[in-house]
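Have a look at the structure below before the remarks.
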Amino acid sequence: MATDLVKNEGKHIHKPTAVKKETNWTKRILITVMFLYLSIFLLVPLVYIFVKAFEQGSGVYFAAITNSDALDAIKLTLLVTLITVPLNTVFGIAAAWLITRFQFKGKQLLLSLIELPFAVSPVIAGLVLVLFFGPRGVMGPLFSEFGIKILFSTPGIVIATMFVTLPFVARELIPVMQAQGKAEEEAAISLGASGWQMFVRVTLPNIKWGLLYGMILCNARAIGEFGAVSVISGRIRGMTNTMPLHVEILYNEYQFSAAFAVASLMSLLAILTLTIKAWIEWRAEKQLTA
Amino acid sequence: MTIEISNVTKHYGSFEALKDISLNIPKGELVALLGPSGSGKTTLLRMIAGLESIEEGTISFDGSDLTDKHVNQRDVGFVFQHYALFKHMTVFDNIAFGLNVRKKRLRPSKKEIEVKVYELLELVKLSGFANRYPAQLSGGQRQRVALARALAVEPQMLLLDEPFGALDAKVRKELRSWLRKLHNEINVTSVFVTHDQEEALDVADRIVIMNNGKIEQIGTPSEVYDNPASPFVYDFLGNVNLFHGRLHKGKLNLGYAQLDAPDYLDAMDKNAVGYVRPHHLNIEREKKSVDAIATKVYFIHSIGPKWHIELKREDSDTYVEVELNKAEHAQLDLTVGEVVYVRPKEMKVFIPEDFVI
């Protein structure tokens with residue numbers, strides 16, 4: 243009996259440490275692999291952008307980003323973003339509301355349609371829009387009759403960007419609102435709140451972090467979109483050039499430092515976006531545990 | 417303020433949730449809608465509140481038709497099963513919500529709202545909790561906040577959906593008697609949904625028993641318990657033993673035993689079932705009369721002060737459950753395997769054809 247006990251105890255002490263060591267090693271190896279991988283594919287290129295951008299000195303750098311074509315591209319990108327993000331936010335809220343609060347036929351189809359832009363290549367999306375709004379397209383002649391130019395102009399770029407960034411807000415909100423349920427909203431209504439009061443006082447506070455997160459992702463994509471915009475914009479310098487298109491043009495003209503300078507500006511915007519995103523996640527988590 | 421429900425029907429797809437329901441709820445009463453899940457009780461409650469649309473029929477309140485009135489115009493206080501408190505608001509803001517969303521000319525002043533909220537907090541015994549968030553409260557406290565929030569708008573009627581469903585047994589009992597007292601104090605017409613017969617019998621002035629989208633019986637707790645209108649009600653309101661037999665001229669013939677059924681003196685040779693509650697059965701060692709049924713003691717166990725005896729009938733494969741109190745059990749001193757006779761003190765006979773549709 244006594245020997246048995248000792249034996250068992252021995253085993254008992256030995257076993258967990260062996261398991262612990264194993265997981266520790268697995269963890270260490272995985273961490274190393276992850277860091278190497280991310281460094282090679284993300285960190286080094288990112289640093290390289292800034293190194294290349296400043297290669298010919300800060301004078302060339304600032305000249306590149308204050309050049310009138312560059313400024314026009316920056317302005318256009320910001321304008322497009324300022325139009326698309328609010329529109330897709332409204333659309334995303336409406337779509338999430340419809341899907342999570344109502345029962346109707348074709349709900350699954352609607353969900354698939356919302357995610358369609360994720361599945362379709364942006365270049366194809368751009369092409370479809372060109373055919374649709376082109377002079378021989380379905381809508382092109384109609385708009386040109388009213389003197390509205392869509393192709394090779396800002397409205398076209400906005401439409402293309404909206405198409406590509408359409409799913410972001412809705413996709414973030416649907417699971418959040420599903421988890422929330424409608425009981426709180428029903429409670430608000432039964433207490434005499436109007437639909438709008440319910441939305442502002444109850445729904446919005448409950449979904450605000452998910453909504454902000456979706457808007458941030460939407461914003462990042464709107465700034466960076468290349469494919470669809472490239473097809474529909476016609477890339478007219480100083481007119482329909484967005485930042486990503488401008489980078490490509492500079493690069494093709496062998497103005498490497500200038501190309502990297504504008505690219506570095508976009509990278510900074512991306513880093514800023516990521517920081518805000520991380521902050522939102524941190525806040526949301528803090529609120530959940532509070 | 418009477419709630420009148422007449423001929424209300426509701427479908428979910430092809431499922432008939434409510435079938436032609438008519439019901440009057442008198443002013444000031446506390447009424448329980450009791451039934452198993454899927455019986456339509458919650459649907460009916462939500463329809464009274466206006467959270468569910470009415471397909472056919474009308475619901476009126478004190479003579480004025482509510483059928484097409486929007487929820488936020490109905491003047492109801494609704495307490496949700498899982499409280500549905502606003503997570504991002506303090507207890508104070510939760511309770512004040514209904515007053516704060518009022519149109520400016522109907523809205524009480526800030527001071528008045530404050531007075532009202534503290535009054536309600538006092539009423540639900542949560543005076544020190546005004547600045548807490550719902551996440552910082554226990555289940556029972558949340559339920560009381562939900563109730564205070566519903567009462568803040570001074571509703572014409574109070575509707576509660578399984579108000580104690582998510583609470584543990586002890587808290588549930590406490591809140592239940594507290595709700596009863598509260599109702600006596602404020603006297604607002606109240607309807608609550610429950611699947612717990614004990615809760616309904618304990619709290620309600622009247623019980624509406626529902627099954628399969630229909631009302632089985634309406635009555636005071638003692639009426640429905642002592643005089644169940646249907647086998648379903650009998651079964652649902654507590655444990656019951658069934659004795660299948662042939663009913664003929666006031667006698668239920670089980671084969672070896674014959675039970676009295678004085679309500680059916682002119683019945684002629686029909687299949688029938690006798691319903692007997694476990695505490696309405698006597699256990700005797702000898703067969704003294706024709707209504708004693710031979711059984712063998714199968715299992716004996718105690719639940720608190722009560723003893724439950726399970727017996728297997730000698731004439732069939734069915735089991736009979738008898739409930740004895742401590743003294744009865746001590747006096748009988750039963751042993752497992754022993755043959756004894758059970759004799760119903762009270763029985764209700766139903767003829768199945770009457771209830772098969």
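Going down the list, the protein sequences come from chains A and B.
Residue numbers for the first sequence follow our numbering, beginning at 243 and rising by one.
Residue numbers for the second sequence follow our numbering, beginning at 417 and rising by one.
The beta carbon of each residue, even a glycine, is placed where N, CA and C say it ideally should be.
*Could you tell me whether the Cβ atoms of leucine 515/B and alanine 568/B are closer together than 8 angstroms?*
yes
*Mind checking if glutamine 439/A is an interface residue toward chain B, Cβ cutoff 8 angstroms exclusive?*
yes
*Mapping DSSP to helix, strand and coil, what is alanine 512/B?*
helix
*lysine 253/A, buried or exposed, once every other Cβ within 10 Å from all chains shown has been counted against 16*: Annotation note: pLDDT 45 at lysine 253/A (below 50); position unreliable, coordinate value reported separately. Lysine 253/A comes out exposed.
*How about alanine 425/A: is its C-beta nearer than 8 angstroms to some C-beta of chain B?*
Cβ-Cβ to chain B under 8 angstroms: yes for alanine 425/A.
*asked:* Going by DSSP in three states, leucine 487/A sits in which element: helix, strand or coil?
replied: Leucine 487/A: helix per DSSP, three-state reduction.
*Leaving out five residues on either side along the sequence, give the residues of the same chain with a beta carbon under 6 angstroms from the beta carbon of valine 689/B.*
Leu658, His660 and Phe766
*Express the C-alpha separation of isoleucine 421/B and isoleucine 511/B in angstroms, rounding to a whole number.*
30 angstroms
*asked:* Counting only beta-carbon separations shorter than 8 angstroms, does alanine 464/A have a partner in chain B?
replied: Answer no: the Cβ-Cβ gap between alanine 464/A and chain B never drops below 8 angstroms.
*In terms of alpha-carbon separation, which member of Val609/B, Lys597/B, Leu575/B and Glu615/B lies closest to alanine 585/B?*
Glu615/B
_Restricting to Cα atoms, I'd like to know which of Val656/B, Ser705/B, Arg518/B and Glu726/B is closest to serine 436/A._
Arg518/B
*Within the region 423-484 of chain B, ranges of the alpha helix (DSSP H) (whole runs, at least 4 residues)*: DSSP runs (the alpha helix (DSSP H)) wholly in the region 423-484 of chain B: 457-465.
*Hey, quick one: how far does the alpha helix (DSSP H) through glutamine 350/A stretch, first residue to last?*
349-361
*asked:* For leucine 583/B and histidine 599/B, I'd like the C-alpha separation in whole angstroms.
replied: 20 angstroms
*Whose Cβ in chain B lies nearer than 9 angstroms to the Cβ of glycine 368/A?*
Per Cβ cutoff of 9 angstroms: no residues; glycine 368/A is ~42 angstroms from chain B at best.
*Can a CB atom of chain B be found closer than 8 angstroms to the CB of isoleucine 255/A?*
At isoleucine 255/A, the pLDDT of 46 sits below 50, so the modelled position is not reliable and the matter cannot be decided from this model.
*Span separating the alpha-carbon of leucine 507/A from that of glutamate 530/B*: When rounded, the distance between both Cα atoms is 53 angstroms.
_Given this structure, state the Cα-to-Cα distance separating aspartate 246/A from threonine 265/A, to the nearest angstrom._
In this prediction, aspartate 246/A has a pLDDT of 45, which is less than 50 and means its spatial position is unreliable; what the coordinates show is noted afterwards. Aspartate 246/A and threonine 265/A have their alpha carbons spaced roughly 29 angstroms apart.
_For alanine 448/B and arginine 622/B, what's the separation of their Cα atoms in angstroms?_
6 angstroms
*Examine chain B for any beta-carbon lying closer than 8 angstroms to the beta-carbon of valine 444/A, and answer yes or no.*
yes
*What in chain E is Cβ-close to leucine 467/B, meaning under 9 angstroms?*
Absence of chain E from the displayed structure is noted, the protein chains being A and B.
*Helix, strand or coil: how does DSSP classify asparagine 643/B here?*
When DSSP states are grouped into helix, strand and coil, asparagine 643/B belongs to the coil group.
*Give me the Cα-Cα distance between glutamine 422/A and phenylalanine 468/A, rounded to the nearest whole angstrom.*
The alpha-carbon atoms of glutamine 422/A and phenylalanine 468/A are separated by roughly 36 angstroms.
_Within the continuous beta strand (DSSP E) that includes histidine 398/B, where are the two ends?_
What is shown of chain B runs 417 to 773, which leaves residue 398/B out entirely.
*serine 436/A versus chain B: which residues are under 8 angstroms apart at the beta carbon?*
Asn488 and Val517
*Excluding five sequence neighbours on each side, which residues of the same chain lie with their C-beta closer than 8 angstroms to the C-beta of histidine 498/B?*
Ala582
*Which of the three DSSP states, helix, strand or coil, is assigned to glycine 690/B?*
Of the three classes helix, strand and coil, the one that applies to glycine 690/B here is strand, per DSSP.
*Could you name the residues of chain B that proline 447/A contacts, counting a contact when the two beta carbons are closer than 9 angstroms?*
Phe502, Lys503, His504 and Met505
*Is the beta carbon of proline 571/B sitting closer than 8 angstroms to the one on aspartate 481/B?*
no
*Taking glutamate 297/A as part of the alpha helix (DSSP H), name the residues at either end of that continuous run.*
In the DSSP annotation of this structure, glutamate 297/A is not part of any alpha helix (DSSP H), being labelled neither H nor E.
*My guess is that leucine 501/B and glycine 556/B are in contact by the Cβ rule of under 8 angstroms, so how many angstroms apart are they, rounded?*
That belief does not hold up - the Cβ atoms of leucine 501/B and glycine 556/B are roughly 13 angstroms apart, past 8 angstroms.
*Cα-Cα, which of Gly454/B, Glu762/B and Asp478/B is closest to aspartate 679/B?*
Glu762/B
*Check each candidate in Pro447/A, Thr396/A and Glu427/A and name the one with the smallest Cα separation from leucine 321/A.*
Thr396/A
*Pull out every residue of the region 514-548 of chain B whose Cβ sits closer than 8 angstroms to any Cβ of chain A, in chain order.*
Gly514, Val517 and Arg518
*Should phenylalanine 508/B be flagged as near chain A, meaning a C-beta pair shorter than 8 angstroms?*
no
*For alanine 429/A, which of Val495/B, Glu739/B and Thr734/B has the nearest alpha-carbon?*
Val495/B
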